[in-house]
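A.B. asks:
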Amino acid sequence: MYEHLVIFKFITNVTPAKQEELLSQLQGFKGRIPGILDISAGINVTEETENIHGYTLGLRVTFDSLASLRLYGPHPVHQEFVKSVDGLLENVIVVDYPKV
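Each residue of the sequence shown is one higher than the last, beginning at 4 in my numbering.
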């Protein structure tokens with residue numbers, strides 16, 4: 004199994020409603036993209052303001068294999084999401100690792 008972590012930093016004028024819309028899109032990946040065993044996503048509610056640095060949305064996806072993780076990026080459902088955030092992101096952090 005492999006974990007895929009993504010933390011999104013939106014540009015300042017992205018509304019909470021738009022963030023919720025994007026969150027809903029992410030949560031809809033399971034069942035639409037092969038190889039996803041589990042998915043969790045949410046709006047950052049941390050009170051540790053010295054560590055937030057403006058990152059407001061987090062995503063964790065558990066894949067059944069490295070092959071599934073590699074097929075995820077070009078998958079049409081994922082690409083639809085990528086297009087929907089075009090111009091809305093200041094930065095993104097991505098970490099992939101094997102789950103032991």
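Virtual Cβ for every residue (Gly too), placed ideally from N, Cα, C. Quick caveat, the model's predicted, so the values are computed rather than measured.
1) Going by DSSP, what residues sit across from ARG60 in a beta bridge?
2) Once you ignore the five residues that flank LEU29 on each side, which residues in its own chain have a CB closer than 6 Å to its CB?
3) Among the residues of its own chain, which have a CB less than 7 Å from the CB of ILE46, if the five just before and after it don't count?
4) Which of the three DSSP states is assigned to PHE66 in this structure?
5) Going by DSSP, name the residue or residues bridged to ASN94.
6) For TYR100, does the count of other Cβ atoms within 10 angstroms reach 16, so buried, or fall short, so exposed?
C.D. replies: Once the coordinates are examined:
1) Here residue 60 is Leu; the residue named in the question, Arg, does not match the sequence. Its beta-bridge partners are PHE11, ILE46.
2) Taking LEU29 as the centre and dropping the five residues before and after it, the same chain places the C-beta of ALA44, LEU62 closer than 6 Å to its C-beta, in chain order.
3) Here the set comprises GLN22, LEU26, THR59, LEU60.
4) Strand at PHE66.
5) DSSP links ASN94 through a beta bridge to LYS12.
6) With fewer than 16 other Cβ atoms within 10 Å, it is exposed.
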